[in-house]
Structures are given as structure tokens and as C-alpha cells.
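Data first, discussion second: the structure below is written as C-alpha cells.
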Amino acid sequence: MRTHNDSPQVIPMIRFFRSALLRAVSVLAFATPALANVDIQHWTAANGARVYFVESHVLPILDVQVDFDAGSARDPEGRSGLAGMTHGLLDSGAGGLDEDALAEKLSDLGARLSGSADNDRAGLSLRTLASAREREGALALMRTVLTAPEFPAAVLEREKSRAIASLREADTKPDQIGAKRFARALYGDHPYGRSATVESIAAITRDDVLAHYRRHYVASRAVVSIVGDVTREQAEAIALQLTGELPAGEPLPPIAEVTMPKASTERIAHPANQSHIFVGQPVTRRGDPDFFPLQVGNYILGGGGFVSRLTKEVREKRGYAYSVYSYFSPQRQPGPFQIGLQTQRAQAADALKVVDETLASFIANGPTADELKAAKRNLVDGFSLRLDSNRKLLDSLAAIGFYGLPLDWLSKFQERVEAVTAAQVKEAFQRRLSADHMVRVIVAGD
Amino acid sequence: MDLRRFSNGIALCGALALMLAAASPARANPFETTLSNGLRVIVKEDRRAPVAMHMVWYRVGAMDENDGTTGIAHLLEHMMFKGTKKLKPGEFNDIVARAGGSDNAFTSHDYTAYFQRVPAAALPRMIELEADRMRNLVIDDDEFARELKVVMEERRLRTDDQPQSQMHEQLMASAFIAHPYRRPVIGWMNDLENMRPDDARDWYRRWYAPNNAYVVVVGDVDHKKVFELVKKHYGHMKPVAQPVRKVTAEPPQTGERRITVKAPAELPQLALAWKVPKLSDVENDREPYALELLAGILDGHAASRLPRALVRSSQIAVEVGAYYDSTARGEVTFMLGGTPAKGHTVDELEKALRAEVKRIADEGVSVAELERIKTLTVAAQIYKLDSTYVQAMEIGRLEASGYRWQDADRMLEKLRSVTADEVQAVARKFFGNDTLTVAVLDPQPLDPDAKPRAKPTGLRH
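Protein sequences appear in the order of chains A and B.
Heads up: the first sequence runs through residues 380 to 825, numbered per the working numbering.
Heads up: the second sequence runs through residues -1 to 459, numbered per the working numbering.
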């Protein structure tokens, strides 16, 4: 429990901005530079690390992120959760400093070190003041955590216990039960379909963690993203400083191809007041040529917050749900297209019918001319909002770097959205979404 | 050794404060004016990107509600998107989206606020739209009925199916027996069932007026032009006589209170809430600042006392936390809480949490750990400059809670002046039994055949 988050005293009107936009969109989909003049500098360091840098001296802040091909898709068979565990333990003792000393030293500098890990990526990000003493101290600690983690056995055991407690708790929550079963239904035994279990966490040994770290946290696959108040020369030194002591690393096999699932409906009993409904199928990978038609279409279908078709049909016209959304989540292998909502369990069937009809109608007919125009105005004219902070810029740089997207990704974004036609949206949705592969999971439906 | 860290800490904190001053834009920024009808306008120029964050805050929230119509402040917030004399339902969102922007709103006990994040060029239209819905809202019966269903779904999602939210809701309802913070912002389900369109209309007429609101803009704007636009669109509005606010003060608590909440879950949870003072006088209060630092020392970073002692060292808990916010319109509590680890009980966790406060009461805190929290606080103030949203929220929340936006700097200075002795003194003074309320989540097995306990609710329209 985080008491900080306890207090529901402030109620934002809509929550799905968080689920839909953050997960699907903010990382890259609609990442766009406010600063039409965003100048991304890119080079490959001597050790093979790829570096992406935007110089900005307006604020005395520096943001640095280092990502690796070390996400949960790299979990070995029977060790689901290993990638997350390894990533989580990086700052639990490193370079002769224990976890408390590391946290204290960072705090004494006013710095924040955080991490994120998903199917594909695992990485650390640092936010620090750009003044020399703070910056140098914080970067030295980040380097220690990245290059000299010790994975103390006692901390591993403790974190395994905490992870198991958290898994058992998650297995009582309808949204989390549903998310896991949905991934399994979409991907079967593919790494994207697996979730950590009590058994797989319990099986993790320190040797597993060390092996995962040594194999995946390597210079040749490091992507270093830097935004803020340093010069190019300083950025070059920072990239080398952070990754210079990492081994080059051996090549990795590609992540397995995804097999398309057969259409299915799974119902899971649960005593909740609301049904949690998940509908979707695997669709897009990063760099997909259909990216723009699919993303523009999805804005109209269920990505555009209050103005999407799903919100209008499910929420505005019928009052069935507080939150209903759709998104495409492009990943290294085809990530999901997903529709989600929660509704009072007695009306789950009615709500699902509306979702089905809305989706079917969109696939059959595509967007109207006015819908397409509205979507373009939001995505093109709102471009500046997607990159109006160092933090957002860093997120975009990191995704461009990790997935090897072209450097003109941001500068060409608006014209590529403008070029999308209604016929392209309709054709892409018809070709990429199929009733034969549509998977549904319903938790707590009557 | 401590002495060395002490001197480092002081030097750093001072240097950071200077950096903060340097990082903040010109002295006069933000700019403020007040229209003759009472509407205040606060503009912070931030020209990093061609965007504008536009917010309208109303000095009314769930604490101004009455029993029987709890949740009306939040429900009205939803209705503000449902059309005016000029706009059809949903048209507000459509205009914002077509301008390239996004919009939303939020309601708390203390306030109700609306915002749009837009390209700077779209700001004039946003000001026009907000002005329109301040006075010209149309609450249609059918729209109301549908939106009420949406809010009921929201309550099911956020509270009824969330054991931790249920525990928190009931903790507040027990810690406060008279003060309006005892009522949930989203409202009791039965009050939602009984809500009528006229309840929303009454609420709107009573509170939505220029003299009960303020506009906050942060972004790539010229403050003079914003003042002109606000005057153009709001200047003609007449102030509305505001009702006398009768906020029931909480009578002194004279004995410990304990409640248990049963809900489907795996692990128990615990929350402890003590009545403590809030910040009433920015200049002369001392204890609220000391309590803020106490919360930071207990739970301000990964190696602070609670996680270090209870999660990492003794491993009694899998999660722990401390929470205190000194700024509020109403009354405040200092909370501790957590989830016991397997093999440990909520009783053990309660004892261990309270032992950490007692340790500070008995032994005090080191200057190094105090300085660490101050450093984090000052750094956070610099990091805030990376977000127009966070900057606008800081201004808006201070104003809503009865302070002025100008107080932010002074509050920071005051926080930095707190001594270790003052932290020890508040740890001694406020954590007895008589002002404590304890809530326990008692986890129940998940019976898939069980029907939900909350009765299915139909609308009565």
C-alpha cells in the first residue's frame, strides 16, 4: 500500500487517458516535437552504444535514460519475472554501496533514479540538476548501478517474497486477472503471453539474475538518451561514462514470431460489481508501414478520449461505462490492438454488443470525412503538446533509439498524418483486424 | 561523520535554493489581476514551447455539500461538458480536440477545476468556452440521467470494487464524525441513486460565478493579452452573492477509534490517521512545516525510515507509507499505513510503525537526514519547471486551499528553516492514542459464486 496514493480526494473526470494514452501513445505513437526545431543528435559510441541527444539549456536539468533489450520477452522458460526482478535489483547494492547508501547519496544530490521495464525494454532513467557537482555525482551513481550491481542474495530473497505477495494480491483483482488472461489468450505460449507466477518467481536463483544481467545489459545493445543542459561534448562523455565498462555482449536470437490466435471468448468468475471486458488481437510491430492509418483510425475509434466513437456509443449515449478505450500498442513483435471497458455486471452483454457493433461498423465503413478531418487537426495541430517538456522529449528519443526508427520520425510526423486518407484507414483496419482472430476475456460477467 | 554530512547538506541546500531563484523566470512572473466582478486571473509566462495550460478553478468542492446530496460537486463537474445555451452536449470536448488540445476536470473536497492543454494559438477560444459555461450551462434531464449512470460506474470502478478505497472511505468517515471530510468526494451510492437534475441546477446557480472562481494560465502567452481576453469574456458577468459557508468543525476526538473493512483480497492492510494541525498562518506557524519534514523523514525516499526499517530490515511489511499534506481548506490528518508481510499481522505492523515515530520522539533525527529531505524538496521545486501542468496545479491548489500562490516561495523558505528539535517535538506531541483512528482491511477469500455485496442499482428516472 502506498498511503500517498490512498487518498481519492481528487477525482479526475476520465481515467482512460492514463490507460489508453500512456500505454499506447505517449511513448511514440503520437510523440511529436513542439519544438518544430527539435534537433536530435545521434552517434554510436566507440563501444557500440547508440546515443540520442537533444541539447536544451532553458532549465538547469539533465535527463538521461539507458535502455537495453532486456524486457520480459527475454525471460527464460519457467523463469517468468526474471527480467523484471533483475531490473528491479540493479540499485539494491552496487560498487560496494548497499541499497540504503545508494538511495541516500542520490537523495543528497536531489537526484531521482527510476526504471521501467516492459515486454521489450528494460532501462534506468536519471533526473538530476545540471550543476556540475550534482550532475557528476548523480551520473557516477547511475554508472555504478548500471555497471557494477551486486545482486545481494538477501535482497533477492526479500524481493522474491514481496513479488510473490504482490502476485497473490493481483490474482484477486479483476482488472489484473483479466489483463493476464487476455495476454495469454492473445499470445498463448509466446513470451508476450507469459506472466510471472508464484512458482516462476520462487524458482529464480541469484545465478539466473547474474546470467540475465551479463547477457542483456551490454554495450552493443545499450541505447542512451540524453536531454537537457549539457553540451554535445559533455553528452559524448556521459554516454561513454555510463556504458564504457559494460562488455560488448554476444548477439541475441530474435524474439519468436507471433502466431495469430483463433477467435475465443473466455469468462472468468469473480464477485466484483463490474465486469472487466477485454477485446483484441495482436496487430502491429514498431516500424509497421500501416502505423499512420491505424493510429489515425484508432484516434477516431477509441483513442481520442471524449470524442471517440466508443466513448460516444458506450458512455455518452448509454451511460454504460466510465472508461472505454481502444489502442494499438506496437512492439518488437506484433503488440495488441485492445479495447477495454468496465461496466455493471448485469449489463455486460449489452455493453459488449455495442462495442462489437461499433468496431464492426468502423471496420466495414471506415471514418467519415469529418471524423478524419477532426483527427488530423488534433494530431497535427496538437503536435506541440506531445513534446513540450524535457521528460516527454526523453520518452520519444528513447523509443526512437530502442526501436531504430528513422531520425526524421518526429519531423515527418505531421505530414505523414496529413497524408492519411479515409480509404487507407478503412483498408488497413479491414486487412489487419479480423473476426477470426478476435479474442475476448470477460471477468465477472453474469 | 555526521558533521561533515551536515555541512555538505547545508551548503547544497543553499546552493539549490539559489539555483531555483535563477531558474525561475523574471521576478514579476506570475502576473495577477482581478476583474471588478471578483474574478482573479493568474498568468505565468513560460515560453519553452508554443503551448498553453488553461485552468478555471471554482472555490467549491465536496466539503460544501450536504448530507443527502453527496457527490453533487463531482456530478456537476461531469455535467459541465453536457452543453450550454450555445453548445450541444459533447461539443466542448469536440472543439478542444479539433484545436489540437486535450481537456479534463477534477473535483476534490476543496475545489472543482477544469483544464485544457492546447497549442498557444487556441487559448483565446478556450477562454471564451470556459466563460460561456460559467454562466450558460444547460442541464438537460436525459443527459443528466445518463451521466449519473456514468458516475455510478465510476464509483463502482474506483471504490466499490477496490478494497483499499473502501478502507480509506470508511477511515475518513470514522476519523471525522462532523467535519465534511467524512463524506466521499464521489458521493455515497444511495445519494447518487436519489440525485435529481434540480440538485445539479441548484449547485450550479449557487457556486458558479466569477467571484467564486479564478483563471490560471501557464505557457507561451503574453499576460497582458490574457488579461484582456479574460476581461472581454468574463467582464460583463455580475458577481453572485455567495452563501455563508457553514463548515462544521470536528469536535475534539477524545479516544481511539478502530474499524474493520472486509473485502475480497489476499493481504490485510492497515491505515492509521491522527488529527494534526494544518497550515493556517504561513508566516507564524511552525508545527505544520515540522510535520511535513517528519513525513519526509519517515517516507520521503527509498532509504527513509519506514521502508528501511520495516520493508528492508525487519521485513515485517511488504509496503509502508506516510502521508501528510499541511495545506487544505478543511482539517487534516497525518497517516501511516502499510501491508504486513506473510507471517506478520496488522497488529505487529501497527506497533512497528508507531515505534518508528516513538524513536524519533525519543531520540530525534540527525541533521543529515533532515537536510536530505530539504534538498529533495528544493530539487522537486526545480523539476516542477519542466511541466506547465504541475506549475499550474501548484498555483491552483494553493489558491483553492485558502493560501496565495505567492506563498509557495515563503513556504519553501519556512520548510528549510525547520530544525531537528522541531521535528522531534511534533513527533512527541501529536501521536498519542486519543486522536487516532485505525482502519484494517480484513481480506476475504474470493468466492467466484458469491454475488457482489453492493446491491445492483437501477436508476429511478
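For glycine and all other residues, C-beta sits at the position ideal for the given N, C-alpha and C.
Go ahead and pull the three-state DSSP assignment for residue i.
i                      : result
residue 254 of chain B : coil
residue 237 of chain B : coil
residue 331 of chain B : strand
residue 526 of chain A : helix
residue 415 of chain A : Legend: pLDDT at residue 415 of chain A = 46, less than 50; position of this residue unreliable, no value from coordinates given.
residue 186 of chain B : coil
residue 260 of chain B : strand
residue 203 of chain B : helix
residue 815 of chain A : helix
residue 823 of chain A : coil
residue 722 of chain A : strand
residue 287 of chain B : helix
residue 429 of chain B : coil
residue 299 of chain B : coil
residue 221 of chain B : helix
residue 735 of chain A : helix
residue 543 of chain A : helix
residue 548 of chain A : helix
residue 473 of chain A : strand
residue 408 of chain A : With a pLDDT of only 32 at residue 408 of chain A, under 50, the local geometry of the prediction cannot be trusted, and the value read off the model is given with reservation. Residue state, collapsed to three classes: helix.
residue 435 of chain B : strand
residue 390 of chain B : helix
residue 364 of chain B : coil
residue 799 of chain A : coil
Report yes if the CB atom of residue i is closer than 9 Å to the CB atom of residue j, and no otherwise.
i                      : j                      : result
residue 769 of chain A : residue 95 of chain B  : no
residue 300 of chain B : residue 247 of chain B : no
residue 583 of chain A : residue 460 of chain A : yes
residue 486 of chain A : residue 373 of chain B : yes
residue 551 of chain A : residue 338 of chain B : no
residue 822 of chain A : residue 679 of chain A : no
residue 392 of chain B : residue 218 of chain B : no
residue 553 of chain A : residue 653 of chain A : yes
residue 123 of chain B : residue 93 of chain B  : yes
residue 762 of chain A : residue 792 of chain A : yes
residue 90 of chain B  : residue 77 of chain B  : no
residue 718 of chain A : residue 384 of chain B : no
residue 186 of chain B : residue 435 of chain B : no
residue 336 of chain B : residue 315 of chain B : yes
residue 154 of chain B : residue 69 of chain B  : no
residue 97 of chain B  : residue 760 of chain A : yes
residue 418 of chain A : residue 450 of chain A : no
residue 586 of chain A : residue 810 of chain A : no
residue 657 of chain A : residue 494 of chain A : no
residue 454 of chain A : residue 531 of chain A : no
residue 607 of chain A : residue 509 of chain A : yes
Cβ of residue i versus every heavy atom of the ligand COA: is any distance shorter than 8 Å?
i                     : result
residue 71 of chain B : Annotation note on the ligand COA: not contained in the displayed structure, which lists no ligands.
* Asked: When Cβ atoms are compared, which residues of the segment 675 to 690 of chain A fall closer than 7 Å to chain B?
  -> Flagged, chain order: 683, 684, 685 and 686.
* To do: Could you name the residues of the segment 135 to 156 of chain B whose beta carbon sits closer than 8 Å to any beta carbon of chain A, in the order they occur along the chain?
  => Interface annotation for the segment 135 to 156 of chain B against chain A: 143, 144, 145, 146, 147, 148, 149, 150, 151, 152, 154, 155 and 156, criterion Cβ-Cβ distance under 8 Å.
* **Residues of the segment 316 to 332 of chain B with Cβ closer than 7 Å to any Cβ of chain A, in chain order** => Listed in sequence order: 316, 317, 319, 320 and 321.
* To do: Enumerate, from N- to C-terminal direction, the unbroken beta strand (DSSP E) stretches of 3 or more residues contained entirely within the segment 23 to 108 of chain B.
  => Under the rule that a run must span 3 or more residues, the beta strand (DSSP E) segments found entirely inside the segment 23 to 108 of chain B read 29 to 32, 38 to 43, 49 to 56 and 100 to 105.
* Short-range partners of chain B found in the segment 523 to 542 of chain A, where Cβ spacing is below 9 Å -> So the list reads 534, 537, 540 and 541, given in the order they occur along the chain.
* **Every unbroken alpha helix (DSSP H) within the segment 642 to 679 of chain A, with a cutoff of 4 residues, ordered by chain** => Taking only runs of at least 4 residues, the alpha helix (DSSP H) segments lying wholly in the segment 642 to 679 of chain A are 670 to 677.
* Taking only runs of the beta strand (DSSP E) that begin and end inside the segment 563 to 633 of chain A, which ones reach a length of at least 3 residues, in chain order? -> If only complete runs of 3 or more residues are kept, the segment 563 to 633 of chain A shows the beta strand (DSSP E) at 602 to 607, in order along the chain.
* Which residues, in chain order, does the segment 430 to 449 of chain A contribute to contact with chain B at a C-beta distance below 8 Å? -> Per Cβ criterion, the list reads 437, 438, 439 and 440.
* Sufficient close CB pairs (3 or more, under 8 Å) joining the segment 617 to 631 of chain A to the segment 463 to 482 of chain A -> No, the segment 617 to 631 of chain A does not touch the segment 463 to 482 of chain A.
* Asked: Would the segment 327 to 344 of chain B and the segment 501 to 510 of chain A be scored as touching if the rule is three or more Cβ pairs under 8 Å?
  -> In this structure the segment 327 to 344 of chain B does not lie against the segment 501 to 510 of chain A, because fewer than three pairs of beta carbons, one per stretch, are closer than 8 Å.
* Asked: If you measure beta-carbon to beta-carbon, which residues of the segment 700 to 733 of chain A are closer than 8 Å to chain B?
  -> Result list: 700, 701, 702, 721, 722, 723, 724 and 725.
* **Stretch-stretch touch, CB-based, cutoff 8 Å, three pairs: the segment 103 to 122 of chain B with the segment 69 to 79 of chain B** => Contact between the segment 103 to 122 of chain B and the segment 69 to 79 of chain B is present, with at least three C-beta pairs closer than 8 Å.
* For the 8 Å Cβ check, are there 3 or more pairs between the segment 273 to 288 of chain B and the segment 412 to 428 of chain B? -> With a cut-off of 8 Å, the segment 412 to 428 of chain B and the segment 273 to 288 of chain B count as touching, because enough Cβ pairs lie within range.
* **Length at least 3, wholly inside the segment 477 to 541 of chain A: the beta strand (DSSP E) runs in chain order** => With a minimum length of 3 residues, the continuous beta strand (DSSP E) runs that stay inside the segment 477 to 541 of chain A are 491 to 496 and 501 to 508.
* Asked: Any chance the segment 264 to 283 of chain B sits against the segment 318 to 325 of chain B, with 3 or more Cβ pairs inside 8 Å?
  -> These segments touch.
* **the segment 421 to 437 of chain A / the segment 584 to 601 of chain A touching (three or more Cβ pairs under 8 Å)** => Touching, yes, given that three or more Cβ pairs across the two stretches are closer than 8 Å.
* Asked: Does the segment 135 to 142 of chain B touch the segment 198 to 218 of chain B, meaning 3 or more C-beta pairs lie closer than 8 Å?
  -> At 8 Å Cβ cutoff, the stretches touch.
* Where the segment 652 to 664 of chain A meets chain B: residues whose CB sits under 8 Å from a CB there -> Residues 652 and 653.
* Report yes or no: do three or more beta-carbon pairs, one from the segment 538 to 545 of chain A and one from the segment 244 to 259 of chain B, lie closer than 8 Å? => Result no; under three Cβ-Cβ pairs closer than 8 Å.
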